[in-house]
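Top to bottom, those sequences are chains Z and A.
Going by my numbering, the first sequence opens with residue 10, and the numbers climb by one from there.
Going by my numbering, the second sequence opens with residue 11, and the numbers climb by one from there.
Even glycine gets a Cβ: it sits at the ideal position worked out from N, Cα and C.
Quick caveat: nothing in here was measured; it's all calculated off a predicted structure.
Report on the following structure.
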Amino acid sequence: DVKVTQSSRYLVKRTGEKVFLECVQDMDHENMFWYRQDPGLGLRLIYFSYDVKMKEKGDIPEGYSVSREKKERFSLILESASTNQTSMYLCASSFGTPNTGELFFGEGSRLTVL
Amino acid sequence: AQKVTQAQTEISVVEKEDVTLDCVYETRDTTYYLFWYKQPPSGELVFLIRRNSFDEQNEISGRYSWNFQKSTSSFNFTITASQVVDSAVYFCALSPPFSGASKIIFGSGTRLSIRP
């Protein structure tokens, strides 16, 4: 069974803290993605990566960075967390070829910044 | 600009009723993909269907069916004889051609509650 695993389901952090969200996939997918989900806004793409050490900005990259040192792992970093980054964060992966556009998602990490 | 609109924020029906989730999209592309994803309470979005804009045939999979109408830019999803396990948030999404998953645009989602 295909699997995307996010390291933490729930996190509570304080304003200004550095936050790491980890995501691992076991499907040998080339592409990996970080989305943010907020009520009424659907899913918005933060960053994606199509290869190791490669990254591309999505629609809302401000305040975030990412790291992809290994094919199976994609990390989202909040350098200095702020209250407006309280949200549900979803990691996803997909094949590079064939490029069907189908995404495989993790269960999400709900982050609260106080 | 590309856009996906799911006007129904929340729907609640009694078990065994049929329910239709609406999706209207905007795009200037002549070819594109449309998707439906389901997000159960566990949080993990699950892919349900992908439709190529060239293929306007309706699709049926068990109790699920999808109605794609290019003339009205709609891709509606119907659940027949709903069950409690169908309770979830459903997302419609649009992707331009040949760009893969990085350009998928999601609607805001419809929360479906099925009451026993």
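Simplified DSSP state of residue i, which is helix, strand or coil
| i | result |
| --- | --- |
| A11 (chain A) | coil |
| D65 (chain A) | coil |
| T40 (chain A) | coil |
| K80 (chain A) | helix |
| T14 (chain Z) | strand |
| Q94 (chain Z) | helix |
7 angstroms Cβ cut-off: residues of chain Z touching residue i
| i | result |
| --- | --- |
| S22 (chain A) | Near S22 (chain A) there are no residues of chain Z at all, since even the closest Cβ is about 17 angstroms away, more than 7 angstroms. |
| Y87 (chain A) | Correcting the residue identity first, residue 87 (chain A) is Phe in this sequence and not Tyr. Those within 7 angstroms of F87 (chain A) in chain Z number zero; the least Cβ separation is about 15 angstroms. |
Beta-bridge partners of residue i, as assigned by DSSP
| i | result |
| --- | --- |
| A98 (chain A) | A:L122 |
| Y44 (chain Z) | Z:L54, Z:L99 |
| F116 (chain A) | A:A103 |
| L85 (chain Z) | Z:L30, Z:V75 |
| S22 (chain A) | A:S123 |
| E65 (chain Z) | Z:F57 |
| L20 (chain Z) | Z:L120 |
| Q49 (chain A) | A:V99 |
| R60 (chain A) | A:F45 |
Under 8 angstroms between C-beta atoms of residue i and residue j
| i | j | result |
| --- | --- | --- |
| F42 (chain Z) | L123 (chain Z) | no |
| V46 (chain Z) | E31 (chain Z) | At residue 46 (chain Z) the sequence reads Gln, which differs from the Val that was named. The answer is no: Cβ separation not under 8 angstroms. |
| T37 (chain A) | Q67 (chain A) | no |
| G105 (chain Z) | N40 (chain Z) | yes |
| S17 (chain Z) | S96 (chain Z) | no |
| Y35 (chain A) | R60 (chain A) | no |
| S123 (chain A) | E25 (chain A) | no |
| T82 (chain A) | F64 (chain A) | no |
| S105 (chain A) | F57 (chain A) | no |
| V33 (chain Z) | L20 (chain Z) | no |
| V75 (chain Z) | K64 (chain Z) | yes |
| G117 (chain A) | A103 (chain A) | yes |
Chain-ordered chain A contacts of residue i [CB-CB under 9 angstroms]
| i | result |
| --- | --- |
| T109 (chain Z) | Y43, R60, G110, A111 |
| L132 (chain Z) | Nothing can be reported for residue 132 (chain Z), as the shown portion of chain Z is limited to 10 through 123. |
Chain Z residues whose Cβ lies nearer than 8 angstroms to that of residue i
| i | result |
| --- | --- |
| S75 (chain A) | Per Cβ cutoff of 8 angstroms: no residues; S75 (chain A) is ~20 angstroms from chain Z at best. |
| S52 (chain A) | E116 |
| S118 (chain A) | G49, L50, G51 |
| S105 (chain A) | G110 |
| L122 (chain A) | Those do not exist, as L122 (chain A) stays about 15 angstroms from chain Z at its closest Cβ, beyond 8 angstroms. |
| F101 (chain A) | G51, L52 |
Under 9 angstroms by beta carbon: chain B residues contacting residue i
| i | result |
| --- | --- |
| F57 (chain Z) | The structure shown has no chain B; the protein chains it does contain are Z and A. |
Interface residues of chain A facing residue i [CB-CB closer than 8 angstroms]
| i | result |
| --- | --- |
| L30 (chain Z) | Those within 8 angstroms of L30 (chain Z) in chain A number zero; the least Cβ separation is about 14 angstroms. |
| E65 (chain Z) | S112 |
Proximal residues of chain Z, C-beta to C-beta of residue i below 9 angstroms
| i | result |
| --- | --- |
| F64 (chain A) | Within chain Z, no residue comes near F64 (chain A); the closest Cβ sits about 15 angstroms away, beyond 9 angstroms. |
Cβ-heavy atom distance, residue i to the ligand ZN, below 7 angstroms
| i | result |
| --- | --- |
| S22 (chain A) | Here there are no bound small molecules, and the ligand ZN is not part of this structure. |
Self-check item: Contact the segment 93-108 of chain A vs the segment 35-53 of chain A: 3+ CB pairs below 8 angstroms
Solution: As far as the Cβ criterion goes, the segment 93-108 of chain A touches the segment 35-53 of chain A, which means the pair count is three or higher.
Quiz item: Taking three-plus beta-carbon pairs below 8 angstroms as touching, is the segment 67-74 of chain A in contact with the segment 87-94 of chain A?
Solution: Yes, they touch.
Exercise. May I ask you to verify whether the segment 50-60 of chain Z touches the segment 68-76 of chain Z, counting CB pairs closer than 8 angstroms and requiring at least 3?
Key: Flag = yes, the segment 50-60 of chain Z and the segment 68-76 of chain Z touch.
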